[in-house]
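Protein chains in written order, with this note's numbering: chain A, 42 to 339; chain B, 13 to 240. Just below is one structure, and these are the notes that go with it.
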Amino acid sequence: MTAAAAPPPPRTFTPPPDRRAWLLVAFGLLAMFGPTFFDLFTGLWATTEQGHGPVVFVLSCWLIWRARAEVFSVEGARPRPVLGGLILLPALLLYVLGRSQDFPFFEVGALVLVLIGLLLVMRGPRQLKVVWFALFFMLFMIPLPGIVVDMLTQPMKLAVSYVAEQVLFWAGYPIARTGVILQIGSYQLLVADACAGLHTLFTLEALGLLYLNVVRHSSALRNVGLAILIVPISFTANVIRVMALTLITYYFGDEAGQGFLHGFAGIVLFLSALMLIIFADSLLRFGQRGREAQGASA
Amino acid sequence: MTPHQQERRALVAAIAMCAASGAAVALRPRAVAAGPAVQLASIVPETFGKWRLDKDAVSAIISPDVQEMLTTLYADTLSRVYVDDQGTRIMLALAYGRNQNRDLQVHKLEVCYVAQGFRLVGSQKVDLETAVGAIPALRLVAEQGPRIEPITYWIRIGDRVIRGWLEQNTARVALGLRGKIPDGMLVRVSSIDRDRSEAFAQQRGFASDMLAAIAPEHLPLFVGAIHR
Chain A
42 MTAAAAPPPP RTFTPPPDRR AWLLVAFGLL AMFGPTFFDL FTGLWATTEQ
92 GHGPVVFVLS CWLIWRARAE VFSVEGARPR PVLGGLILLP ALLLYVLGRS
142 QDFPFFEVGA LVLVLIGLLL VMRGPRQLKV VWFALFFMLF MIPLPGIVVD
192 MLTQPMKLAV SYVAEQVLFW AGYPIARTGV ILQIGSYQLL VADACAGLHT
242 LFTLEALGLL YLNVVRHSSA LRNVGLAILI VPISFTANVI RVMALTLITY
292 YFGDEAGQGF LHGFAGIVLF LSALMLIIFA DSLLRFGQRG REAQGASA
Chain B
13 MTPHQQERRA LVAAIAMCAA SGAAVALRPR AVAAGPAVQL ASIVPETFGK
63 WRLDKDAVSA IISPDVQEML TTLYADTLSR VYVDDQGTRI MLALAYGRNQ
113 NRDLQVHKLE VCYVAQGFRL VGSQKVDLET AVGAIPALRL VAEQGPRIEP
163 ITYWIRIGDR VIRGWLEQNT ARVALGLRGK IPDGMLVRVS SIDRDRSEAF
213 AQQRGFASDM LAAIAPEHLP LFVGAIHR
């Protein structure tokens with residue numbers, strides 16, 4: 042396909058000729074997912090483990106809104122009603138099962154499938170491609186099933202406690218560990234679920250992917266490299282937070298560790314993660330430039 | 013593609029979506045299990061078989077935040093130590109949860125023990141032969157330094173004794189689609205003993221004696237419908 046064959050996408054948003062049809066679709070979406078999001082905002086998303094949900098939700102909406110001119114454009118629309126319907130039907134059944142039997146994983150996951158089905162029915166593959174990243178991004182707001190959270194949280198907590206203990210012991214502090222309980226001096230600290238870093242990992246990974254998508258790096262190495270590096274970065278940041286909290290408790294007592302300094306440790310977490318990401322990104326850029334220079338001299 | 017055609021498709025989609033929304037509301041389970049009218053402490057006798065309550069045993073001191081979690085998760089809990097004439101001690105822990113929806117599901121022992129620094133060795137599925145029938149239970153050994161604690165436990169959800177996440181959730185959905193919110197019970201029997209096979213044999217005998225001594229009307233609370 043040459044560039045001339047595809048008409049340039051419209052830059053400004055004009056209400057589409059079939060806006061009454063879209064109003065119907067919007068009404069259906071509201072009937073299904075209005076209650077879902079009400080429950081999420083008042084329930085799961087208010088917890089620490091799934092606290093990144095609202096951020097991802099708002100950002101996904103923004104990503105779609107940003108592309109609204111292209112999505113709603115009838116230019117080059119090739120509706121695929123049969124394919125769309127074949128995706129929509131199982132999505133609706135998944136929603137019914139998820140919502141009635143209390144499986145938020147299915148209930149929210151159905152939203153992504155419903156949106157794909159609706160876009161295919163109303164517009165076509167081309168408009169779907171415009172918002173693929175927004176839909177992919179939405180996967181991050183699907184609440185993980187309890188079993189997955191448990192399975193990931195436990196080993197992560199143990200690993201974070203283990204590394205924090207080793208580093209502080211090496212630095213000469215009187216520290217001991219049983220499972221996820223750290224003993225420093227006369228204080229005993231329980232490494233909570235929130236410290237496992239599942240929430241940190243998801244938030245950082247989501248925000249990192251968003252950053253990469255918005256700035257649109259052309260280099261695949263830098264994109265994929267950074268996305269993968271976020272996993273150890275998030276782990277390191279959590280170890281730093283646990284060590285910071287342990288030291289705060291050691292020097293200033295239990296009250297300081299549980300009080301306002303606890304929030305301070307959260308800020309330390311995100312600052313250290315941010316610095317590590319910028320550092321990793323610079324390294325990747327440096328490595329890439331080196332390769333390019335090598336290619337030029339050869 | 014005419015606007016008219018689009019509207020027809022959109023209308024079909026919107027009707028299907030509203031139907032899904034309505035179906036989800038209609039299929040939501042509402043009936044919460046009535047639960048036992050009496051406390052677990054009065055359901056489980058203080059003496060049965062060769063076992064009697066060990067009143068001298070100091071039950072573990074529970075930290076306030078753990079106690080708070082227990083009260084939100086479970087409607088009733090019981091923790092006791094029994095002893096026989098030879099001095100064999102068996103620890104019994106029961107936890108009853110009225111509403112086994114997602115947030116309040118009975119917690120797996122495997123997670124709690126590891127968090128407290130125990131090392132779990134070998135989880136094994138067994139069919140526990142008891143006076144009231146075979147119970148699909150789990151056996152594992154928790155180790156912490158010199159302390160070796162073999163454990164036998166089972167979880168009942170609704171009228172089934174389940175093992176694992178998949179069985180737990182199928183039991184929940186099977187009842188849920190019939191409009192019922194299941195209740196649940198965790199039964200844990202353990203002892204501190206280096207001789208595992210001896211400990212497991214004692215625990216089986218203990219569980220069997222206990223179930224035989226429980227009034228028939230309360231038995232489903234412990235084993236669901238398996239004895240019928």
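Where is the CB? At the ideal position from N, CA and C, for every residue including glycine.
query	result
Beta-carbon proximity check, residue 221 of chain A vs residue 180 of chain A, cutoff 8 Å	no
Residues, ordered as in the chain, of the stretch 32-48 of chain B that lie near chain A by beta-carbon distance below 7 Å	32, 33, 35, 36, 39, 40
Given residue 148 of chain A as reference, the closest of A/168, A/184, A/255, A/326 once Cα atoms are compared	A/184
Min CB distance residue 133 of chain A to chain B below 8 Å	yes
Beta-carbon proximity check, residue 162 of chain A vs residue 111 of chain A, cutoff 8 Å	no
Residue 164 of chain B to residue 201 of chain B span [Cα, whole Å]	5 Å
Assigned exposure category for residue 87 of chain A - 16 Cβ within 10 Å defines buried	exposed
Collapsed DSSP secondary structure at residue 116 of chain A in the structure displayed	coil
Separation of residue 325 of chain A from residue 180 of chain B, as counted between CA atoms	46 Å
Close Cβ partners of residue 287 of chain A (< 7 Å) along its chain, the five nearest in sequence each way excluded	205, 209, 223, 225, 230
Buried or exposed by the 16-neighbour rule on C-beta atoms within 10 Å, applied to residue 198 of chain A	buried
Backbone secondary structure at residue 101 of chain A - three-state DSSP	helix
Coarse secondary structure for residue 59 of chain A, derived from DSSP in three states	coil
Stretch pair the stretch 16-36 of chain B + the stretch 67-76 of chain A: three plus CB contacts closer than 8 Å	yes
Residues from the stretch 215-244 of chain A in contact with chain B, defined by Cβ distance under 7 Å	219, 220, 221, 222
Proximity to residue 84 of chain B [Cα-Cα], best of B/111, B/28, B/131, B/194	B/111
Whole-angstrom distance between residue 102 of chain B and residue 158 of chain B, CA atom to CA atom	18 Å
9 Å Cβ cut-off: residues of chain A touching residue 188 of chain B	141, 142, 143
Chain-ordered chain B contacts of residue 73 of chain A [CB-CB under 9 Å]	29, 30, 32, 33, 36
Partners in chain B for residue 58 of chain A, counting only beta-carbon separations shorter than 8 Å	15
Closer than 7 Å at the beta carbon, the chain B residues around residue 18 of chain A	The displayed coordinates of chain A run from 42 to 339. Any statement about residue 18 of chain A would go beyond what the structure contains.
CA-to-CA distance, residue 88 of chain B to residue 51 of chain B, given in whole angstroms	7 Å
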